[in-house]
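Participant: Below is one structure. I have some questions about it.
In this note's numbering, the protein residues as written are 4 to 190.
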């Protein structure tokens, strides 16, 4: 449920026809329950996957693949290596991969990184978080890819016209990257 914070603004600014979740919220999950209720009040269809990948709740994260023209995005939630390995036969090249589980040491297997063949890896973690995410070994496994980190770069934005994508970070002094997926050029 630590990935829900950004969904309320999406419901506020876009027409969301269907909201998918791995399961219905438990009564103890106030943020998830409030999001579910807000979506229902706005007429959004609520759907659940109702599948169990393992005993660890993180392994039940909803994984989303998005495509915009030549660009493909993989949003992985909190999955770890057990779910990554089950996904391997279904993965292909992605322009951007949201690094699983904030870059924890139990995620981002070498096989997963090779199979996704991402141009850009984004690690979502708070500065000085109590878990020590991202783990240095995970950051190193994603190199030499372009690695953007919310703990260092702040908010990260992607804008695409379907062939060219511009990535900017809140801390623009660190980097702005232009990626043309048709030619593979980064500037």
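Virtual Cβ for every residue (Gly too), placed ideally from N, Cα, C.
1) Using three-state DSSP, classify residue 116 as helix, strand or coil.
2) Do residue 14 and residue 45 have their C-beta atoms closer together than 8 Å?
3) Starting from the Cα of residue 52, find the closest Cα among 35, 145, 42 and 64 and give me that residue.
4) Residue 23 bridges to which residues according to DSSP?
5) Can you grab the Cα-Cα spacing for the pair residue 150 / residue 35, in whole Å?
6) Taking its Cβ as the centre, do 16 or more other Cβ atoms sit within 10 Å of residue 84, making it buried, or is it exposed?
7) Using a Cβ-Cβ cut-off of 6 Å (strictly less than) and excluding sequence neighbours within five positions of residue 96, which residues of its own chain qualify?
8) Below 8 Å CB to CB, which residues in the same chain sit around residue 94 once its five sequence neighbours on both sides are set aside?
9) In whole angstroms, give me the CA-to-CA distance for residue 106 and residue 43.
10) Should residue 172 and residue 156 be called a contact, given that it needs their Cβ atoms to be closer than 8 Å?
Facilitator: The answer reads as follows:
1) helix
2) yes
3) 64
4) 50
5) 29 Å
6) buried
7) 120
8) 77, 115, 118 and 119
9) 33 Å
10) yes
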